[in-house]
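Notes to accompany the following structure.
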Amino acid sequence: MANLFSGISRDIKSNRNIDFRRQRDSVLKYLKIRERARLHLIIQFPVLNTSSSKSSITAMRQKEFIFCLQQNLLSSHVQEIHILCETNQDPSFIRALALSMDWKLVFQVLGRRMRYKDAFQYASQNLMGKCTMIINADCYIDKGFEYFTEDLLSLRTLYALTRHETSENVNFCKKIDFCGPNSKYIGSHDAWLFKLLEPVPSVLLENIDFRPNIAGIERVLIFYLRKYGRFRIKNPCKILHIVHHHCNRNKNTKERLFHGQRIDHHFKITALNRGRTVNAPFSDL
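Under our numbering, the residues of the sequence shown are numbered 150 to 434, in order.
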């Protein structure tokens, strides 16, 4: 009888140990996910007028933005997505989409088309000391971010990431993969990853008061980030992948120009005028 009770006691202790280990493993797994999910994305989510004469094209573009937002919400590397809204109706539209994991969304009504000044100012005021990524709304976080750690952004390091394309976009939409295995650097960047330890200088903000969709804006931004922000800029896009999702070819070319030309040409902030200070070629971490 004593042996029987002894055996039962051992089984109970064993089960308790198993339960404890399961709970411990569950907590450790949760903490590991929280530790990894440290990216705070800043975007402006376009809410388009799908009742226009080009409604089918516009609806397709809207779906592309929604797809990217959902992919970023699902990413285990993303902690929050901060949406700088153009109008005060935008949050209601986005909430009505009922996207999975939409509890990650943080809304701030901006009241205009987002400019880089707005995004960096928001980061200065709300995301100090956090890994922040300003990313175009038609891009999403993909593979490689398991290699990213916060200490990589020390010493004022900023990643200006060039985008990738899916094989479907390359084959069916005739898109060019700007950071593919055989790609050559052309000065294109769709995401900016950094960690602020002090507010961005006002002189920097005043010089980057331009929309992200203006042709040549990347070179202007890189130049002033180096000059006034004193950032050390790298581009490990072959390790940290962001993916572009845009099959629709309908672009407003005129809207992408600044006084009728590329903005880097307008301000003479080109490789010809400024050399390496306007570029962030492919690099390691």
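All C-beta atoms, glycine included, are put in the ideal place defined by N, C-alpha and C.
Extent of the continuous beta strand (DSSP E) to which residue i belongs
i	result
T306	T306 to L310
L254	L254 to V258
H231	V227 to C234
I283	C280 to I284
Helix, strand or coil at residue i according to DSSP, with G and I counted as helix
i	result
E213	helix
V319	helix
Q220	helix
F343	strand
K383	strand
I391	strand
F154	Because F154 carries a pLDDT of 49, less than 50, the predicted location of this residue cannot be relied on, and the following value inherits that uncertainty. Helix.
Y296	helix
Y334	coil
F407	strand
L188	strand
I363	coil
I290	strand
Through-space distance from residue j to residue i, alpha-carbon basis
i	j	result
G327	T315	Per the sequence presented here, residue 327 reads as Phe, with Gly not at that position. Their backbone Cα atoms lie some 11 angstroms apart in a straight line.
E317	C386	19 angstroms
G378	L353	7 angstroms
G278	L190	14 angstroms
D339	R170	43 angstroms
H313	I366	19 angstroms
L197	A208	8 angstroms
M263	D174	43 angstroms
N285	P361	8 angstroms
K292	V258	31 angstroms
G260	T281	22 angstroms
V369	G409	16 angstroms
R381	F431	14 angstroms
S225	F216	16 angstroms
R405	Q172	54 angstroms
S332	D287	21 angstroms
N384	G336	10 angstroms
V392	N422	31 angstroms
T439	I206	Outside the shown range of the chain, which is 150 to 434, sits residue 439, and nothing can be said about it.
F214	L246	12 angstroms
P330	F294	18 angstroms
K403	H414	15 angstroms
L146	A272	The structure shown has nothing for residue 146, since the chain only spans 150 to 434.
Endpoints, alpha helix (DSSP H) assigned at residue i
i	result
I366	I366 to K376
A441	The chain is shown only over 150 to 434; residue 441 falls outside these bounds and no answer can be derived.
V349	First-last for V349: undefined, no H or E at that position.
S273	Y265 to N275
L248	From DSSP, L248 is part of no alpha helix (DSSP H); its letter is neither H nor E.
R423	A420 to R423
I357	Premise fails: I357 is in no alpha helix (DSSP H) and is neither H nor E.
Anticipated Cβ contact below 8 angstroms, residue i with residue j, distance rounded
i	j	result
I418	F372	5 angstroms
V227	L254	In fact, because the Cβ distance is near 11 angstroms, the residues do not count as touching under 8 angstroms.
Q220	Y296	No, Q220 and Y296 are not in contact; Cβ-Cβ is about 19 angstroms, not under 8 angstroms.
A364	R425	At roughly 21 angstroms, the Cβ-Cβ gap does not stay under 8 angstroms, so A364 and R425 are not in contact.
L248	L276	That belief does not hold up - the Cβ atoms of L248 and L276 are roughly 22 angstroms apart, past 8 angstroms.
L301	L434	6 angstroms
E235	Q193	6 angstroms
>> Within 8 angstroms, do at least three Cβ pairs link the segment 229 to 239 to the segment 264 to 271?
In response: yes
>> Would the segment 340 to 347 count as touching the segment 318 to 325 if we require 3 or more Cβ pairs under 8 angstroms?
In response: no
>> Taking contact to mean 3 or more Cβ pairs, one atom from each stretch, closer than 8 angstroms, check whether the segment 239 to 248 and the segment 298 to 307 are in contact.
In response: no
> Is it true that the segment 349 to 368 meets the segment 388 to 399, where meeting means three or more beta-carbon pairs spaced less than 8 angstroms apart?
Replying inline: no
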